[in-house]
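K.L.:
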Amino acid sequence: QQQQQQQQSFCLVPFGSYALEVWNPRSDLDILLLTPHHITRDSFFHQFVPLLESIAASDTTNDPIIQDVHPLPNAYTPVCKFRLFGISVDLLFCSLRNDSRLKHYNNDPSLDYQHKHNLYPISDLDLMGLMEPSSIRSLNGARVSQVLSNYIIQPYHKPYTQALRFLKSWAQQKGLYSNVLGFLGGINYAILLAYVVIQLEKEQQLQHQHNDSTTKLNLSATRLIHKFFATFAHWDWPMPVQLPLESLSSNIVEEIPSIPSSLGSSSSSSAASSILSEWNPQRNKRDRYH
Numbered sequence: 005q006q007q008q009q010q011q012q013s014f015c016l017v018p019f020g021s022y023a024l025e026v027w028n029p030r031s032d033l034d035i036l037l038l039t040p041h042h043i044t045r046d047s048f049f050h051q052f053v054p055l056l057e058s059i060a061a062s063d064t065t066n067d068p069i070i071q072d073v074h075p076l077p078n079a080y081t082p083v084c085k086f087r088l089f090g091i092s093v094d095l096l097f098c099s100l101r102n103d104s105r106l107k108h109y110n111n112d113p114s115l116d117y118q119h120k121h122n123l124y125p126i127s128d129l130d131l132m133g134l135m136e137p138s139s140i141r142s143l144n145g146a147r148v149s150q151v152l153s154n155y156i157i158q159p160y161h162k163p164y165t166q167a168l169r170f171l172k173s174w175a176q177q178k179g180l181y182s183n184v185l186g187f188l189g190g191i192n193y194a195i196l197l198a199y200v201v202i203q204l205e206k207e208q209q210l211q212h213q214h215n216d217s218t219t220k221l222n223l224s225a226t227r228l229i230h231k232f233f234a235t236f237a238h239w240d241w242p243m244p245v246q247l248p249l250e251s252l253s254s255n256i257v258e259e260i261p262s263i264p265s266s267l268g269s270s271s272s273s274s275a276a277s278s279i280l281s282e283w284n285p286q287r288n289k290r291d292r293y294h
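Per this note's numbering, the sequence shown starts with residue 5, numbered consecutively.
Next comes the structure, spelled out in structure tokens:
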């Protein structure tokens, strides 16, 4: 029974364009595989990935379930790329040292796991014990997507997703969309647009500081797009864009359990930050190119 519980104590967490509900027919499906501590990254790439490769090799039908399996274990963020039912999938892996929350999540009888709001909630507690920068980077994409989705996008879901779809399409049409080619990617546009939402929130707070500051911001996709270009056309690059979550009104942040105001100021986040090297183009050659 204990072995059966261990086998069940994993979950898949979608992130990126699918999680933010801005996918299109050309979008990749970004998925994070979370496992308990006894499953290692070596097991993932040396046992699970070969299983995918064998399934792909043995399927001789005209419409294979799995195909084009390309593991990249030595990438900056290790990933296994493949096609599932014709959809491009980027599968990331993270073994949680502190897996008690994961086990509790998988054994919670009250959860409907097919409901999008019942995805495993990544928190700072999941960073505890992670000693590999690649593990933290693997976890970070889904973590950032959840913060954006739950505490910024949710109150303004329709205008935000409409504006983000436009920006992604605009960037693709202009040839300005690809992290691999040195341009902004989907999550980058999502963060920049979230910054615009926060700035509009702060402007409204100033306008209503003597009245009710919790009045919901009246947003439209057009207003967001206009503010986006007006903001970043004159941005002092390479000054970083930071999301000051502590400045948001209660419309956006009412309860953020285990997620600090600046996307990481608790002890577990500090421990993770000490593992990850600080962006410094003078000291780190890799940082000179991004």
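Positions of the beta carbon are idealized from the N, C-alpha and C atoms, including for glycine.
(1) Who are the Cβ neighbours of Pro77 in its own chain at under 6 Å, not counting the five residues just before and after it?
(2) With DSSP run on the structure shown, which of helix, strand or coil describes Gln213?
(3) For Thr39, is the classification buried or exposed, using 16 other Cβ atoms within 10 angstroms of its Cβ as the cut-off for buried?
(4) Please look up how many angstroms separate the CB atoms of Val17 and Ile126, rounded, as I've assumed it's under 8 Å.
(5) At which residues does the beta strand (DSSP E) containing Gln71 begin and terminate?
(6) Mapping the DSSP letters down to three states, classify Leu96 as helix, strand or coil.
(7) If I follow the unbroken beta strand (DSSP E) through Leu49, where does it start and stop?
(8) For Ile91, list the residues DSSP reports as bridge partners.
(9) Does the distance from the C-beta atom of Ala194 to that of Leu24 stay below 8 Å?
(10) Gln176 to Asn111, Cα distance in whole Å?
(11) Would you give the residue range spanned by the alpha helix (DSSP H) that Thr235 belongs to?
(12) Given this structure, state the Cα-to-Cα distance separating Thr165 from Leu210, to the nearest angstrom.
(13) Taking only three categories from DSSP, how would you classify Val26?
(14) Per the contact definition of three or more C-beta pairs closer than 8 Å, is the stretch 127-135 in contact with the stretch 65-82?
(15) For His41 versus Asp128, is the C-beta distance shorter than 8 Å?
P.N.:
Reading off the structure:
(1) What you label residue 77 is simply residue 73 of the sequence shown in a count that begins at 1. Contacts found: Phe49.
(2) As a first step, residue 213 must be located in the sequence shown, where it is residue number 209. The answer is coil: DSSP assigns Gln213 none of H, G, I, E or B.
(3) Mapped onto the sequence shown, residue 39 falls at position 35. Classification for Thr39: buried.
(4) Working through the sequence shown from its first residue, we reach residue 17 at position 13. Working through the sequence shown from its first residue, we reach residue 126 at position 122. With a Cβ gap of about 7 Å, Val17 and Ile126 count as contacting.
(5) Within the sequence shown, residue 71 is the residue found at index 67, counting from 1. Residues 70-76.
(6) Working through the sequence shown from its first residue, we reach residue 96 at position 92. Leu96 falls in the strand class under three-state DSSP.
(7) Position 45 of the sequence shown, counting from 1, holds the residue named residue 49. Correcting the residue identity first, residue 49 is Phe in this sequence and not Leu. First-last for Phe49: undefined, no H or E at that position.
(8) Position 87 of the sequence shown, counting from 1, holds the residue named residue 91. Answer is Leu88, bridged to Ile91.
(9) In the sequence shown, counting from the first residue as 1, residue 194 sits at position 190. In the sequence shown, counting from the first residue as 1, residue 24 sits at position 20. One thing to note: Ala194 has its Cβ within 8 Å of the Cβ of Leu24.
(10) Translated into positions along the sequence shown, residue 176 becomes position 172. Translated into positions along the sequence shown, residue 111 becomes position 107. Their Cα atoms are separated by approximately 42 Å.
(11) Counting from one through the sequence shown, the residue named residue 235 turns up at place 231. Residues 225-236.
(12) Here residue 165 corresponds to residue number 161 of the sequence shown, with the count starting at 1. Here residue 210 corresponds to residue number 206 of the sequence shown, with the count starting at 1. Thr165 and Leu210: Cα-Cα distance of roughly 26 Å.
(13) Position 22 of the sequence shown, counting from 1, holds the residue named residue 26. Coil.
(14) no
(15) Counting from one through the sequence shown, the residue named residue 41 turns up at place 37. Counting from one through the sequence shown, the residue named residue 128 turns up at place 124. No; because the gap between Cβ atoms is not below 8 Å, this pair is not in contact.
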